[in-house]
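Trainee: Dumping the structure here so I can ask a few things about it.
Residue numbers (my numbering): 1 to 357.
Structure representation (C-alpha cells):
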C-alpha cells in the first residue's frame with residue numbers, strides 16, 4: 001500500500017487501510033473503491049492523507065476500458081435529457097439531435113479499438129434514469145453490432161434506433177424507475193407495455209429515420225420464445241439488429257433499474273444467462289457478457305475459504321474469475337503481508353458473497 005494526499009486522489013482508488021475520524025469512528029472501510037463524492041467528503045472533514053492499494057501495472061489484455069469516454073458520455077446525456085424533456089408528441093424536429101449523438105458514439109467507439117477487444121468498464125448506475133439508459137443501450141448495441149460484423153450503415157441504424165428506443169416512456173405515467181413492472185397492478189403493466197407503440201407512433205412518419213431504426217423503437221421488447229410485446233413475435237420473425245438491441249436493453253435495464261428493481265452486476269450476468277436459454281438470443285448474450293466484468297474492480301467479495309478480498313484486476317475471457325487482494329483472512333484478521341490471489345490460477349477458490357458498497 002502507499003500513502004497518498006487526499007487532494008491527489010482521482011477516484012476509483014481502492015482504500016488499503018480504513019479511515020477513522022478523530023473520535024475513532026470508522027468513516028470508510030478497507031477495500032472500498034473511492035468515489036469522487038467520498039474524496040470530496042474527506043476534504044471537507046479535513047482528512048489529508050489516505051492509504052490506497054498499489055498494484056502492479058496490468059497487462060494490456062487485463063485492462064478494462066470505458067466504452068465511451070466520460071466526457072463524451074456526460075455531454076451526450078445532456079443533449080438526450082434536453083431534447084427528451086422538451087419533446088412534444090409527434091413534434092420531432094429536435095429529435096434529429098439524438099441522431100447526431102448516435103453518430104458521435106459510433107465514431108468514439110470506432111476510434112478506440114481496445115473497446116472491441118478487451119473487457120469494458122460497464123459501471124453500475126447509482127440512480128435509475130432513462131437518459132443514461134438511452135446512452136448505454138446505444139453504446140452497447142453499437143459495439144455488439146460491430147462485433148457481429150454488421151455493415152456501417154446497419155450499425156448506424158441500430159445506434160439511432162437504440163438511442164430513441166425508449167422515447168415512448170415520455171408518454172406514460174407508470175412508475176418504472178427502480179420498479180419491477182411485473183409487480184405493478186395489471187392495468188399499469190398494460191399501460192407500461194404501450195410505451196413501444198407510443199414511441200413508434202411518434203416517429204413513424206419522419207423521413208430521416210430508417211425503417212430499421214423505427215422498428216427498433218417498436219420491437220425491442222419482443223422475445224425469441226414469443227413472451228415479448230407488442231406482437232409476441234417469435235425468434236424467426238425478429239431481425240438480428242432488433243435481437244441485439246433487445247439484449248443490450250435488457251442488460252442495462254437490469255443494472256440501471258429501468259422496469260426492474262436494480263440488479264448488482266453479478267446478478268444481472270446470471271439473469272442474462274438464464275434468459276439466453278429461450279427468451280434472448282444466446283449468441284448475442286454471450287458476445288455481450290464477454291465484454292462485462294462480472295465483479296468490477298473495487299468490488300468487495302467473500303471467497304468459499306472465508307476470506308474477504310477486493311477485486312483489483314480482471315482476467316480476459318474469465319468474467320467470473322478476477323484477481324483479488326485479500327484484506328481479511330478467514331478469522332477476520334488483516335494479512336501481515338500483501339496477499340494477491342488470481343482465481344484463474346487457484347481453481348479451488350470461488351466467490352460466494354458480494355458486499356454492498
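Ideal placement from N, C-alpha and C gives every residue a C-beta, glycine not left out.
If residue 165 sits next to residue 103, beta carbons under 8 Å apart, how far is it from one beta carbon to the other, in whole angstroms?
Mentor: So it is not a contact: roughly 16 Å between Cβ atoms.
Trainee: What are the boundary residues of the beta strand (DSSP E) that residue 309 is part of?
Mentor: 308-315
Trainee: Short of 8 Å in beta carbon distance, which residues of its chain neighbour residue 49, apart from the five on each side in sequence? Order them along the chain.
Mentor: Counting only residues of its own chain and dropping the five nearest sequence neighbours on each side, residue 49 has a CB closer than 8 Å to the CB of 3, 4, 5, 6.
Trainee: Where do the ends of the alpha helix (DSSP H) carrying residue 273 lie?
Mentor: 265-275
Trainee: What residues in its chain sit with their C-beta under 6 Å from that of residue 136, if we drop five residues either side in the sequence?
Mentor: 252
Trainee: Taking contact to mean at least 3 C-beta pairs separated by less than 8 Å, is the segment 227-240 in contact with the segment 263-273?
Mentor: no
Trainee: Could you check what DSSP says for residue 353 in three-state terms: helix, strand or coil?
Mentor: strand
Trainee: For residue 104, does the three-state DSSP call read helix, strand or coil?
Mentor: When secondary structure is reduced to three states using DSSP, residue 104 falls in the helix class.
Trainee: Go through its chain and collect everything with a Cβ distance to residue 10's Cβ below 6 Å, but skip five positions before and after it.
Mentor: none
Trainee: Mapping the DSSP letters down to three states, classify residue 93 as helix, strand or coil.
Mentor: Correct three-state label for residue 93: helix.
Trainee: So, residue 220 versus residue 246, is the Cβ gap smaller than 7 Å?
Mentor: Yes, Cβ-Cβ distance for residue 220 and residue 246 is below 7 Å.
Trainee: Which runs of the beta strand (DSSP E) fall wholly inside the segment 205-272 and span at least 3 residues, in chain order?
Mentor: none
Trainee: Do residue 27 and residue 14 come within 7 Å of each other at the CB atom, strictly closer than that value?
Mentor: no
Trainee: Taking 8 Å as the cut-off, does the segment 160-177 touch the segment 322-331 (at least 3 CB pairs, one atom from each stretch)?
Mentor: no
Trainee: Quick one: using the 10 Å Cβ neighbour count with 16 as the cut-off for buried, is residue 61 buried or exposed?
Mentor: Here the model assigns residue 61 a pLDDT of 49, short of 50, so the residue's position is not dependable and the matter cannot be decided.
Trainee: Shortest alpha-carbon distance to residue 156 belongs to which of 52, 67, 212?
Mentor: 212
Trainee: Would you kindly work out how many angstroms separate the C-alpha atoms of residue 66 and residue 46, rounded to a whole number?
Mentor: Rounded to the nearest angstrom, the two C-alpha atoms are 32 Å apart.
Trainee: According to DSSP, what are the bridge partners of residue 15?
Mentor: 52
Trainee: Could you have a look at residue 131 and say whether DSSP puts it in helix, strand or coil?
Mentor: helix
Trainee: Can you give me the C-alpha to C-alpha distance between residue 206 and residue 95, rounded to a whole angstrom?
Mentor: 10 Å
Trainee: Within 10 angstroms of the Cβ of residue 200, are there 16 or more other Cβ atoms? Answer buried if so, exposed if not.
Mentor: buried
Trainee: For residue 352 versus residue 304, is the C-beta distance shorter than 7 Å?
Mentor: yes
Trainee: Tell me the DSSP secondary structure of residue 198 in three-state form.
Mentor: helix
Trainee: Taking the DSSP output, what are the residues bridged to residue 33?
Mentor: 14
Trainee: Taking the Cβ atom as the reference point for each residue, do residue 171 and residue 198 lie within a distance shorter than 7 Å?
Mentor: If you check the CB distance, residue 171 and residue 198 come in under 7 Å.
Trainee: Less than 7 Å between C-beta atoms, sequence neighbours within five positions excluded: which residues of the same chain meet that for residue 105?
Mentor: 68, 76, 138, 139, 142, 159
Trainee: Could you please give the first and the last residue of the uninterrupted beta strand (DSSP E) stretch that includes residue 66?
Mentor: Looking at the DSSP string, residue 66 is not in any beta strand (DSSP E), and its letter there is neither H nor E.
Trainee: Do residue 51 and residue 8 have their C-beta atoms closer together than 7 Å?
Mentor: Not closer than 7 Å, so no.
Trainee: Would you mind giving the Cβ-Cβ distance between residue 162 and residue 256, rounded to the nearest angstrom? I have them listed as a contact below 8 Å.
Mentor: About 14 Å separates the two Cβ atoms, so there is no contact after all.
Trainee: Using the three-state DSSP reduction, which class does residue 150 fall into: helix, strand or coil?
Mentor: coil
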